[in-house]
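Structure first, then comments.
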Amino acid sequence: MTKIGIIICGRYINCGGGKCLKALKEHAGGFAKYPKDELLELVGFANCGGCPGGNIEYVPVEMIKNGVEVIHLATGLVVGYPPCPRVTQFKEYIETHFNLPVVIGTHPIPLKY
Ligand code: SF4
């Protein structure tokens, strides 16, 4: 089993997470990297807090309390318009400060975003 945390773009704060959760369940998109028979448990779902992403400093702590092992930055950070200019910075920050692997991407890129 792998415990997953998802951080979405604060511009999509009202998102219900449907595409991310479907992808998690189906091991699609950013979750295709996990073996099909591996259980993926969602232990955290949050947004960055809005530009410039101040929640990135805090929300991983909450996820760590729930045993998170990998944090996924949602697909919306890279396919929204404009793409998040800080996505690489977020990945490096979380990996360095919290010693957690970060994957960029959750659900497959929709045809219409
Ligand atoms: S563009 Fe980046 S910093 Fe701004 S709200 Fe979205 S994820 Fe957060």
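For the working numbering, count along the sequence shown from 1 and bump the result up by 228.
Quick reminder that beta carbons are idealized off the backbone N, C-alpha and C, glycines included.
All values derive from a computational prediction rather than experimental measurement.
Is it the case that the CB of Pro280 approaches a heavy atom of ligand 3 more closely than 7 angstroms?
Ligand 3 is not among the ligands present in this structure, which contains only ligand 1.
May I ask whether a heavy atom of ligand 1 can be found less than 7 angstroms away from the beta carbon of Gly238?
The count along the sequence shown starts at 1 and reaches residue 238 at position 10. For ligand 1, at least one heavy atom lies less than 7 angstroms from the Cβ of Gly238.
Rank Met229, Thr230 and Arg239 by C-alpha distance to the C-alpha of Ala211 and give the top, closest one.
No information on residue 211 is available, as it lies outside the stretch 229 to 341 that the chain covers here.
Shorter than 7 angstroms, the distance from the beta carbon of Leu305 to the closest heavy atom of ligand 1, or not?
Numbered from 1 along the sequence shown, position 77 holds the residue referred to as residue 305. Result yes, Cβ under 7 angstroms from ligand 1.
For Glu266, the nearest candidate out of Gly278, Phe326 and Leu252 (CA to CA):
Within the sequence shown, residue 266 is the residue found at index 38, counting from 1. Nearest of Gly278, Phe326 and Leu252 to Glu266, Cα basis: Leu252.
To the nearest angstrom, how far is the alpha carbon of Cys237 from that of Gly277?
Locating residue 237 in the sequence shown gives position 9, counting from the first residue. Locating residue 277 in the sequence shown gives position 49, counting from the first residue. Looking at the two C-alpha atoms, the distance is approximately 8 angstroms.
Would you kindly work out how many angstroms separate the C-alpha atoms of Lys231 and Tyr262, rounded to a whole number?
Within the sequence shown, residue 231 is the residue found at index 3, counting from 1. Within the sequence shown, residue 262 is the residue found at index 34, counting from 1. About 11 angstroms.
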